[in-house]
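Report on the structure given below.
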Amino acid sequence: MSAENDIQDRLKGVFGEQISELKTTRERRVFVKVPLPLVKEVINYLKQNLGMTHITTITAIDVGDEIEVLYHFLCRGVTLSLRTSVPKANPVIDTITPIIPGAILYEREIQDLLGLKVKGHPDPRRLVLPEDWPEGVYPLRKDYKVKVEES
Amino acid sequence: MLKSLTAWSRVKSPWICHLNTGGCNGCDIEVLAALMPRFDVERFGILLKATPRHADVLVCTGAVTKQMKNRAVRIYEQMPEPKFVIAVGSCACSGGVFWGCYNVLGGIDKAIPVNAYIPGCPPRPDAIIHGVVKLLGALDPRYTQLLEELKRKGEIHVSGK
Amino acid sequence: MSVSIPIGPQHPALKEPTHLMVTLDGERIVDIDMRLGYNHRGIEKGAELRNYIQNIYLTERICGICNVAHTSTFCQGVEELLGLEVPKRGLFIRTLLCELNRIHSHLLWLGVAGHEVGFDTLFMYSWRDREIVMDLIELISGNRVNIAINAIGGVRRDISDDMRPQILQGISQLEARSQYYLEVASTEVTFVRRTQGVGKLPKEKAIELCAVGPYARASGVDYDARRDDPFAAYPYLDFKVITSDRCDVLGTAIVRVLEIMESCRMCRQIIEELPPGEIKAKAPRKVPPGEVVSKTEAPRGELIHYIRSNGSDRPERLKVRTPTLADIPSVLYSLRGGYIADIPIVFAAIDPCMACMDRVILLDNDSGKTKRMTTWEELREYGIRWYANKKG
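Chains as they are written, first to last, in this note's numbering: chain A, 92 to 242; chain B, 7 to 167; chain C, 145 to 536.
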């Protein structure tokens, strides 16, 4: 049985109905969607049982009323992308740094650029935007329009 | 007479300071390649200094990000007169590929006055040397002679004028 | 009594701007923090406003040194979204340039590392040898630094038969030179003294903090996207993944030099086994809706592009995570407990592709008052003097 199928079957076995999407797009690429409250439990399961050792990055996308958050993990050579959604009106997620310390800078990045609040983050400062960047303005949200200065 | 002597000695061996205001490093490695054994501008007395206080010419690369703007101004102010600024690379000239990106001002001349522009992405070390020497040639005709000599020897290739 | 040093944004040798805040206790580093963002240009947002073809040029300029890794990752991702199969010859040429780029990047690093420890001869030598690689890259692609070989569907330029002898000759020269650098890295006293036992990063910490690239491989983490997540022509090539158990800066130097030699072997194999055929498949302008995670091994480590498309000719979202960002928590960890004299070389060990360091501010840990300001260059010279005095 291939690693991708094994991962899919085991996740389905443990989390069953709670997973709203589970697909393998090609070899070494699996996408899973879970509701927000289940995220930490799934990540713990990946680490303890599916050999997850590494987080590649965290992507956040503004899809309208919600912000979709994707965690890209490495489990036994397979890149598993764990997807969840948060409402834009209340974009709060829990930090996963107690489980994976390596996620520390990626969480700061999505906080900075998309305005997600990462609860419990050990160091919630700005990562890339300048100090004088206005609060509450998130450049990677769709409603932020780039202003081109005419010289 | 003393004034022209100081001017001549300064122009003869300009010390440069290099500043990257948020670029991709492409231009920076070509600026450094100009100092390396193949092109070796150090034999003309052009020395790379770390601090702007010792420099005559500020070589700027990179599209100016908002964080770097104040620092670029501060570094420019630290340089003693007479000072010159060369913008190396398309990003330093006008913002290059990043024109219109939200954290980029677009061109060094939005922050500090520029004396010479060397476009390219990145410009070859030959082009950088040509630009530096041309700027200095505008200050001292001896440098135009140096440029002609380099062209004649085939050490730099210049198309057009 | 501790002091805190900011190491700020204007570096003499190539560097890019960054800002380090170092809290000292005498000579030892108690804590260290980093401020990023001087190089933040807003590329991910810019990518949404440009079409896929324009985005090739934009992603290429994320980093001038590993530009071909970025365009390969991007084009690969878009090709997957389109369901396009790139002809084998195109994949081989793409891989050849990725490997030449890797050699170029590692030689550049070797020079910078030499400069940081005060060994400027190594700087001059390795950058001179870099010119061999630049000539080969210019021969194949037309440009020295920004390779621009990738297009969606394959590569832009072909390798003709009369290029082959020159490429093979260049590779032989590089192999001979890298043998020399291996000796220098492992036996040259000046270099070894400054790098041995410095910047220690144990394997468990490297895994926990998710380090990537030669930096992680020098701590024994055996992951290389070329072998473990093959892309382009890597499934057809024989190569070894180099790891080391040294867990220090000297380990990163040795890993990189050995990787240069492996890359030379791979380049030779590519040239000898280059299949005939087309170099590019025709790609439509509009990309059907979908998402893709595209991964490659850039010279500095694992590079990822996440692309989401929406059916138009512009991406909905492009997310890029460069390997340097992944290594930062690890390098800050390895600096704690070390000496300030080691900051330049330990930081250079991750092969930072961000921006330069500028001002260093020394702060007193107990009183919190600013003690003195220095520049990166002064810190580097301080490190050289400190080690010279330590010996005598």
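C-beta atoms are modelled at their ideal positions from N, C-alpha and C, and glycine is treated no differently.
Nearest-angstrom Cα distance between leucine 54(B) and arginine 217(A)?
One-based indexing of the second sequence puts residue 54(B) at position 48. One-based indexing of the first sequence puts residue 217(A) at position 126. Approximately 34 Å between the Cα atoms of the pair.
Whole angstroms is fine: what's the gap from threonine 144(A)'s alpha carbon to leucine 231(A)'s?
For the purposes of this step, residue 144(A) is taken as the residue at position 53 of the first sequence. For the purposes of this step, residue 231(A) is taken as the residue at position 140 of the first sequence. Within the model, the alpha-carbon separation for threonine 144(A) versus leucine 231(A) is close to 29 Å.
Determine, using beta carbons only, whether leucine 196(A) comes closer than 9 Å to chain C.
Locating residue 196(A) in the first sequence gives position 105, where the first residue counts as 1. True, the Cβ-Cβ gap to chain C drops below 9 Å.
Any C-beta of chain C sitting closer than 9 Å to the C-beta of serine 93(A)?
Mapped onto the first sequence, residue 93(A) falls at position 2. For serine 93(A), the answer is no, since every Cβ of chain C falls outside 9 Å of its Cβ.
With DSSP as the reference, label tryptophan 21(B) as helix, strand or coil.
Within the second sequence, the letter at position 15 stands for residue 21(B). In this structure, tryptophan 21(B) counts as strand in the three-state DSSP scheme.
Quick check on glycine 106(B) - is its C-beta less than 9 Å from some C-beta in chain A?
Translated into positions along the second sequence, residue 106(B) becomes position 100. With 9 Å as the cut-off, glycine 106(B) counts as an interface residue toward chain A.
Which residues in chain A have a C-beta closer than 7 Å to the C-beta of valine 222(C)? List them in chain order.
For this step, residue 222(C) is matched to residue 78 along the third sequence. Those do not exist, as valine 222(C) stays about 14 Å from chain A at its closest Cβ, beyond 7 Å.
Report the partner residues of isoleucine 451(C) according to the DSSP bridge assignment.
The sequence position of residue 451(C) within the third sequence is 307, counting from 1. Answer is Val436(C) and Leu462(C), bridged to isoleucine 451(C).
9 Å is my cut-off, CB to CB: does asparagine 109(B) come that close to chain A?
Numbered from 1 along the second sequence, position 103 holds the residue referred to as residue 109(B). Yes, asparagine 109(B) lies at the interface with chain A (some Cβ there is under 9 Å from its Cβ).
With a threshold of 16 other CB atoms inside 10 Å of the CB of glutamine 139(A), please say whether the residue is buried or exposed.
Counting from one through the first sequence, the residue named residue 139(A) turns up at place 48. With fewer than 16 Cβ atoms within 10 Å of its Cβ, glutamine 139(A) is classed as exposed.
Residues of chain B with CB closer than 8 Å to the CB of valine 237(A), please, in chain order.
In the first sequence, the residue the question calls residue 237(A) occupies position 146. The contacting residues are Gly106, Cys107 and Tyr108.
Decide if proline 182(A) is buried, meaning its Cβ has at least 16 other Cβ atoms within 10 Å, or exposed.
On the first sequence, position 91 is the one that residue 182(A) refers to. With 16 or more other Cβ atoms within 10 Å, it is buried.
May I ask you to list the residues that DSSP assigns as paired with glycine 445(C)?
Residue 445(C) sits at position 301 when you count from the first residue of the third sequence. Bridge partners of glycine 445(C): Ala442(C).
Between aspartate 115(B) and chain C, is any beta-carbon pair separated by less than 9 Å?
On the second sequence, residue 115(B) is found 109 positions in, with the first residue counted as 1. Output row for aspartate 115(B): interface = no.
Taking CB distances under 9 Å as the criterion, tell me whether alanine 493(C) reaches chain A.
Here the question's residue 493(C) lines up with position 349 in the third sequence. Output row for alanine 493(C): interface = no.
When Cβ atoms are compared, which residues of the segment 450-476 of chain C fall closer than 8 Å to chain E?
No chain E is present in this structure, whose protein chains are A, B and C.
Leucine 312(C) lies in the alpha helix (DSSP H); which residues open and close that run?
Within the third sequence, numbered from 1, the residue matching residue 312(C) stands at position 168. From DSSP, the alpha helix (DSSP H) with leucine 312(C) extends over 308-331.
Starting from glycine 137(B), follow its DSSP beta bridges and name the residues at the other end.
Stepping through the second sequence from its first residue, residue 137(B) is reached at position 131. BP columns for glycine 137(B) are empty, so no partner.
Does the distance from the CB of isoleucine 187(C) to the CB of threonine 203(C) come in under 9 Å?
Position 43 of the third sequence, counted from the first residue, corresponds to residue 187(C). Position 59 of the third sequence, counted from the first residue, corresponds to residue 203(C). Yes, these two residues count as a Cβ contact at 9 Å.
For proline 230(A), return the contacting residues in chain B, with the cut-off set at a CB-CB distance below 9 Å.
The residue labelled residue 230(A) in the question sits at position 139 within the first sequence. Going along chain B in sequence order, the residues near proline 230(A) (Cβ under 9 Å) are Tyr108 and Asn109.
Tell me whether glutamate 108(A) counts as near the ligand GTP, meaning its Cβ is closer than 8 Å to at least one heavy atom of that ligand.
In the structure on display, the ligand GTP does not appear, and there are no ligands present to speak of.
Indicate the three-state DSSP secondary structure (helix, strand or coil) for arginine 117(A) in the structure shown.
Here residue 117(A) corresponds to residue number 26 of the first sequence, with the count starting at 1. Note: arginine 117(A) maps to strand in three-state DSSP.
What are the start and end residues of the beta strand (DSSP E) that includes phenylalanine 375(C)?
Locating residue 375(C) in the third sequence gives position 231, where the first residue counts as 1. Per DSSP, phenylalanine 375(C) belongs to no beta strand (DSSP E) and is neither H nor E.
Can you give, in chain order, each stretch of the alpha helix (DSSP H) that sits fully within the segment 93-160 of chain A and has at least 4 residues?
94-106 and 130-140
For alanine 397(C) versus leucine 254(C), is the C-beta distance shorter than 9 Å?
The count along the third sequence starts at 1 and reaches residue 397(C) at position 253. The count along the third sequence starts at 1 and reaches residue 254(C) at position 110. Yes, the Cβ-Cβ distance between alanine 397(C) and leucine 254(C) is below 9 Å.
With a threshold of 6 Å on Cβ separation, who are the neighbours of leucine 225(C) within its own chain once the five nearest residues in sequence on each side are excluded?
Along the third sequence, one-based indexing puts residue 225(C) at 81. Setting aside the 5 residues that flank it on each side, leucine 225(C) is surrounded in the same chain by Val431, Gly434, Val436 and Ser453, each with a C-beta closer than 6 Å to its C-beta; the list follows chain order.
Any Cβ of chain C within less than 9 Å of the Cβ of glycine 160(B)?
Stepping through the second sequence from its first residue, residue 160(B) is reached at position 154. No, because no Cβ of chain C sits closer than 9 Å to the Cβ of glycine 160(B).
For the pair the segment 399-406 of chain C and the segment 108-122 of chain A, tell me if three or more CB-CB distances fall below 8 Å.
no
If you draw a straight line from the alpha carbon of lysine 189(C) to that of tyrosine 108(B), how long is it in whole angstroms?
Locating residue 189(C) in the third sequence gives position 45, where the first residue counts as 1. Locating residue 108(B) in the second sequence gives position 102, where the first residue counts as 1. Roughly 8 Å separates the two Cα atoms.
Tell me where the beta strand (DSSP E) around proline 112(C) begins and ends.
The question about residue 112(C) has no answer, for chain C in this structure spans 145 to 536.
Closer than 9 Å, CB to CB, is threonine 27(B) near chain A or not?
Reading the second sequence from its first residue, position 21 is the one you call residue 27(B). Judged by the 9 Å Cβ criterion, threonine 27(B) is not in contact with chain A.
For chain B, check one thing: does any of its Cβ atoms lie closer than 9 Å to the Cβ of glycine 445(C)?
Counted from its first residue, the third sequence places residue 445(C) at position 301. No, glycine 445(C) does not count as interfacial toward chain B.
Give the DSSP bridge partners of cysteine 66(B), in chain order.
As a first step, residue 66(B) must be located in the second sequence, where it is residue number 60. Cysteine 66(B) is bridged to Leu25(B) and Ala93(B).
Reducing DSSP to helix, strand and coil, say where valine 166(C) ends up.
Within the third sequence, numbered from 1, the residue matching residue 166(C) stands at position 22. Note: valine 166(C) maps to strand in three-state DSSP.
With 9 Å as the threshold, decide whether the Cβ of glutamate 260(C) is near any Cβ in chain B.
One-based indexing of the third sequence puts residue 260(C) at position 116. No, its Cβ sits nowhere closer than 9 Å to a Cβ of chain B.
Could you tell me whether any Cβ in chain A is nearer than 9 Å to the Cβ of lysine 122(C)?
Not covered by the structure: residue 122(C). The range shown for chain C is 145 to 536.
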